[in-house]
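Student: Residue 86 is where the sequence shown starts when you use the working numbering, and the numbers rise one by one after that.
In this text, a Cβ means the ideal position worked out from N, Cα and C, and glycines have one as well.
Quick one: structure below, then a few questions.
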Amino acid sequence: MKRFFLFLSLVYIPAYADNILLKGSDKPKQVRITSNSACYEYGKFNVITKPLSTGELILVKKDDCLWNESKGWVVNSGLASFFAGVYKNKIIIDQGTLSAPRDLLIYDIHTKKQVFNSRYFTDVYLSNNKLIYWDASNKVATKDNCIVFESAISSGLSATLMNKMVVDLSNDKFKIKKTNIQRCELTQ
Numbered sequence: 086m087k088r089f090f091l092f093l094s095l096v097y098i099p100a101y102a103d104n105i106l107l108k109g110s111d112k113p114k115q116v117r118i119t120s121n122s123a124c125y126e127y128g129k130f131n132v133i134t135k136p137l138s139t140g141e142l143i144l145v146k147k148d149d150c151l152w153n154e155s156k157g158w159v160v161n162s163g164l165a166s167f168f169a170g171v172y173k174n175k176i177i178i179d180q181g182t183l184s185a186p187r188d189l190l191i192y193d194i195h196t197k198k199q200v201f202n203s204r205y206f207t208d209v210y211l212s213n214n215k216l217i218y219w220d221a222s223n224k225v226a227t228k229d230n231c232i233v234f235e236s237a238i239s240s241g242l243s244a245t246l247m248n249k250m251v252v253d254l255s256n257d258k259f260k261i262k263k264t265n266i267q268r269c270e271l272t273q
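Below, the structure is given as structure tokens:
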């Protein structure tokens, strides 16, 4: 997920959330953008982000959109972390400095603890209480099992077999299920 910030005075931008947040995540009621922050208003709480040189600071508060750490919870997700969305009572963080692989982190808003962490490569989305993404397979890509293998060799990239992964979010177990669905992609 690529991030950018619009440097405007306080304004509501309805399409902003659709373009930035994880597909299938809860839609904020309102998004406010200022020159140094974005505030996603969800009704019961707000998520405020402030850009860093690499990543964002992420603050969860119950009331307004003013950055005040003493009145909220700063999600301590580490460097190169970006707010990716909310799903029910969970905050989803996208973490990484490269296009792939990256990490998905999920925090429980009530306990303020990390409840899930997994690496992913591409196509992350939520659908029917499931988090779906692609991760590298343990199998090695060859010209027999990967349609882009020859392209990878000639371009100096790598060919990587990917497995479709599904995480059930309907309970708090967050078990990762590796499906039998595979594809092969060019990676760095």
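Restricting to Cα atoms, I'd like to know which of R117, S120, L246 and P186 is closest to I266.
Tutor: When each option's Cα is compared against that of I266, the closest is L246.
Student: Quick one: grab the DSSP three-state call for F130.
Tutor: F130: coil per DSSP, three-state reduction.
Student: Comparing C-alpha positions only, which one of A226, D179, I143 and L151 sits nearest to S209?
Tutor: The sequence shown places Val at residue 209, rather than the Ser named in the question. Measuring from the Cα of V209, the nearest candidate turns out to be D179.
Student: Grab the span of the beta strand (DSSP E) containing S255 for me, first residue to last.
Tutor: Where S255 is concerned, there is no enclosing beta strand (DSSP E), given that its DSSP letter is neither H nor E.
Student: Since N214 contacts D253 with CB under 8 Å, what's their CB separation in whole angstroms?
Tutor: That belief holds up - the Cβ atoms of N214 and D253 are roughly 7 Å apart, short of 8 Å.
Student: Assess, as a yes-or-no matter, whether the stretch 161–179 is touched by the stretch 124–138 under the definition of 3 or more beta carbon pairs within less than 8 Å.
Tutor: With the cut-off at 8 Å, the stretch 124–138 and the stretch 161–179 touch.
Student: Secondary structure at I238, three-state DSSP: helix, strand or coil?
Tutor: Three-state result, I238: helix.
Student: Counting only the same chain and skipping the five closest in sequence on each side, list residues whose C-beta sits under 7 Å from that of I107.
Tutor: Note on identity: in this sequence residue 107 is Leu, with Ile being the wrong assignment. Here the set comprises A169, G170, I177, V209, Y210 and L211.
Student: Which residues share a DSSP beta bridge with A123?
Tutor: BP columns for A123 point to I118 and T134.
Student: Considering only the alpha carbon of each residue, which of K228, E154 and T207 lies closest to Y218?
Tutor: Among K228, E154 and T207, the Cα nearest to that of Y218 is on T207.
Student: How would you label E270, buried or exposed, when you count the other beta carbons within 10 angstroms and need 16 or more for buried?
Tutor: Flag for E270 reads buried.
Student: On the criterion of 16 or more Cβ atoms from any shown chain inside 10 Å, does E235 qualify as buried, or is it exposed?
Tutor: Label assigned to E235: exposed.
Student: Going by alpha carbons, who is nearest to C231 out of R268, A185 and V160?
Tutor: Nearest option by C-alpha distance: R268.
Student: Exposed or buried, which one is L164 when buried takes at least 16 other CB atoms within 10 Å?
Tutor: So L164 counts as exposed.
Student: DSSP three-state call for K198: helix, strand or coil?
Tutor: Strand.
Student: Between the C-alpha atoms of N248 and F259, what's the straight-line distance to the nearest angstrom?
Tutor: Their backbone Cα atoms lie some 17 Å apart in a straight line.
Student: Return the chain-ordered list of same chain residues with a C-beta closer than 8 Å to the C-beta of K129, the five sequence neighbours on each side being excluded.
Tutor: These residues qualify, in order along the chain: K147.
Student: Using only alpha-carbon positions, find the residue among T139, G157 and A237 that is nearest to I133.
Tutor: It is G157.
Student: Report the residue from A244, P186 and S239 whose alpha carbon sits nearest the alpha carbon of D229.
Tutor: When each option's Cα is compared against that of D229, the closest is A244.
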